[in-house]
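Residue numbers (full-length UniProt numbering): 1 to 661.
A quick write-up on the structure given underneath.
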């Protein structure tokens with residue numbers, strides 16, 4: 001039986017209308033004719049979809065949906081959760097699934113619609129929509145993609161990634177992130193069968209090698225007992241209890257660290273992950289801040305420190321992953337080697353302040369963490385320390401009455417004043433240079449005058465279909481095949497956001513030549529919800545980018561010479577019909593609906609040249625913002641740590657070195 005059209009949440013309304021969630025709340029308060037809730041709760045009401053669409057249309061809002069949005073609506077109104085998963089199976093693994101001829105009419109119809117949009121949207125994206133009904137099950141969760149990628153980056157910096165385990169794998173997002181970095185053996189376990197199925201399908205839609213996903217509670221019925229892995233990744237569920245002594249068999253390796261109290265389930269997951277990391281392998285976990293400081297976990301934290309298993313604890317800014325209310329921590333553990341002396345220091349990184357103003361600068365957060373971690377892994381003559389951000393602490397100093405592993409508790413001020421003074425001078429000099437570059441870029445911008453003609457337009461998708469543009473969606477580069485294959489540079493999300501050159505690499509054998517970046521290609525990637533106004537929305541390929549490949553999630557829009565000017569096209573794709581930067585779905589469909597004026601090449605080139613100079617202003621502004629934060633963080637940290645003081649000024653005796661108050 002076909003179900004009624006499903007209702008919409010306020011978040012879904014915001015996506016449909018291309019506005020923020022706050023705008024929808026304002027509409028409800030200010031417009032008496034805004035549709036009334038038809039269900040849900042006071043905190044999370046739902047609205048009749050038809051009424052909402054009519055209300056938006058009456059106010060001239062474009063409510064045409066992307067192909068993925070239309071598929072999502074059709075799935076929710078026509079299929080049960082089991083049927084939608086069956087469609088995904090038919091799509092991803094047609095040979096091993098029920099024959100389409102034996103499927104119901106609704107399943108066959110949705111399967112046909114799904115297959116039709118795979119070329120433009122990508123198999124993984126379509127499979128994600130088809131299986132997302134599994135996320136309505138209680139206890140399901142998903143790790144934010146930027147955080148998942150960071151966890152893999154931390155592990156990969158310390159050890160080759162081949163085999164990876166996620167003992168609480170959910171939908172497999174952490175395993176997918178590892179696969180994109182070249183992992184070939186993917187293993188996972190989840191207590192919910194529907195999540196295990198979803199993980200197999202989503203991973204299978206993106207890579208050829210099938211993962212080994214088992215069903216069961218890893219803490220009580222470990223499907224991989226006794227096996228070691230290069231890397232263990234874990235974002236444990238937010239509920240549950242630690243196993244008791246009665247639950248563990250005699251000789252269980254977790255007993256070497258003690259038995260966590262029932263209330264310390266997160267530390268139980270830490271032990272579960274650690275015992276599966278081979279000697280020298282890494283386990284990276286996303287935990288709540290309480291795991292680092294709760295008195296009930298002191299004994300377990302102490303045992304981990306004494307074994308040399310704790311290598312780093314990293315505080316992330318709020319709002320980068322669920323739950324949004326507080327700063328989560330990344331724990332980096334390493335499988336101890338009984339034949340060597342345990343590591344005697346722990347790295348602490350506190351990036352919570354990088355999101356204190358309400359907007360998280362994720363590229364800066366990521367760079368701060370990865371730079372400090374890589375430096376920590378290299379031989380050094382002195383401890384790593386950045387005031388307020390990074391500290392390296394002796395294990396013996398951590399083994400006190402509280403065994404507090406919260407990064408904020410260990411930010412060191414024991415820095416070399418001469419070194420800090422030199423870094424401060426260099427930071428101010430860099431800031432002056434970037435400010436000068438910004439001023440020059442602003443001066444170069446043209447003057448503008450009112451336009452007096454109306455433009456005929458066509459969507460990006462129409463121009464692609466008409467041969468004026470070429471579109472290469474995300475996910476077509478392929479997965480790192482490792483081995484002795486050639487190393488290709490890749491352009492990643494962060495490179496587009498910052499306007500910098502390729503920073504990633506991938507090993508591939510004979511990638512599609514069409515995907516090799518050419519001059520003036522427009523490179524597009526979804527910005528994370530934590531992006532700031534300084535993040536760039538796209539990048540037009542320059543000399544440094546040519547010959548690279550698009551990284552994870554990066555698409556290419558290529559203009560046909562003498563038909564479309566790339567910088568003219570970039571101006572309108574960057575604006576994107578006013579879509580908010582908080583969305584991450586536009587890369588798969590919404591930007592293809594952007595309308596491009598149909599102008600003669602001379603007019604296109606004139607407007608394109610003007611936008612190129614505007615882009616240079618934005619790029620220079622982003623560099624200034626980065627240098628401002630770098631300089632002010634360094635100076636403020638040095639000042640408050642007592643390492644730096646203002647230089648003596650002969651014309652003003654009223655300074656920190658003395659003088660009258």
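Cβ atoms here follow ideal geometry from the backbone N, Cα and C, with glycine treated the same way.
The three-state reading of DSSP puts residue 614 in helix, counting H, G and I together.
Here the alpha carbon of residue 623 sits roughly 13 Å from the alpha carbon of residue 496. A straight-line Cα-Cα distance of about 11 Å links residue 377 and residue 312. Non-local C-beta neighbours of residue 363 in its own chain, meaning closer than 7 Å and more than five positions away in sequence, comprise 494, 497, 498, ordered along the chain. In the three-state DSSP reduction, residue 53 falls in the helix class (H, G or I).
Close CB contacts of residue 563 within its chain, under the 6 Å cut and outside five residues either way in sequence, are with 468 (chain order). Boundaries for residue 455: no beta strand (DSSP E) harbours it, and the DSSP string shows neither H nor E there. Within the model, the alpha-carbon separation for residue 46 versus residue 263 is close to 35 Å. According to DSSP, residue pairing for residue 112 in a beta bridge does not occur. Looking at 198, 129, 221, 220, the one whose alpha-carbon comes closest to that of residue 210 is 198. A direct Cα-Cα distance of roughly 11 Å separates residue 321 from residue 235. For residue 538, no alpha helix (DSSP H) encloses it; the enclosing beta strand (DSSP E) starts and ends at 538 to 540.
Counting C-beta pairs with one atom in each stretch, the stretch 109 to 122 and the stretch 221 to 239 have fewer than three that are closer than 8 Å, which means they do not touch.
About 7 Å separates the beta carbons of residue 369 and residue 150, which is inside the 8 Å limit, making them a contact pair. Under the 8 Å Cβ criterion, the stretch 326 to 338 counts as touching the stretch 269 to 288, having at least three qualifying pairs. The beta carbons of residue 417 and residue 644 sit about 7 Å from each other, so the pair counts as a contact at 8 Å.
The beta-carbon separation of residue 6 and residue 44, rounded to 14 Å, does not stay under the 8 Å limit for a contact. Between residue 569 and residue 461 the beta-carbon gap is near 13 Å, outside 8 Å, which marks them as no contact. In this structure, 310 is the residue among 280, 310, 291 with its C-alpha nearest to the C-alpha of residue 392. Contact between the stretch 387 to 404 and the stretch 337 to 349 is present: three or more C-beta pairs spanning the two stretches fall below 8 Å.
Under the three-state reduction of DSSP output, residue 38 falls in the coil class, being neither helix nor strand. Secondary structure at residue 507: strand, using DSSP grouped into helix, strand and coil. For residue 334, the three-state secondary structure derived from DSSP is strand.
Within the stretch 341 to 388, the complete beta strand (DSSP E) runs of at least 3 residues fall at 345 to 350.
Comparing alpha carbon positions, the residue from 17, 539, 474, 510 closest to residue 501 is 539.
Between residue 161 and residue 183, the C-beta spacing is below 7 Å. The alpha-carbon of residue 245 is positioned some 9 Å away from that of residue 258. Counted as a single uninterrupted DSSP element, the stretch harbouring residue 276 is not any beta strand (DSSP E) but the alpha helix (DSSP H) occupying residues 265 to 276. Taking a C-beta distance under 7 Å as the contact criterion, residue 130 and residue 87 qualify as a contact pair.
Rounded to whole angstroms, the gap between the alpha carbons of residue 225 and residue 399 is 31 Å. Relative to residue 185, the option among 611, 76, 228 whose CA is nearest is 228. Apart from the 5 residues on each side of it in sequence, residue 537 sits with its Cβ closer than 6 Å to the Cβ of 574 in its chain, given in chain order. Annotation: residue 603 to residue 554 spans about 29 Å, alpha carbon to alpha carbon.
Taking a contact as a CB-CB distance under 8 Å, the pair residue 299 and residue 405 does not count as one, their CB atoms being some 13 Å apart.
Around the beta carbon of residue 637, 16 or more other beta carbons lie within 10 angstroms, which makes this residue buried. Taking the C-beta atoms as reference points, residue 361 is found no nearer than 7 Å to residue 411.
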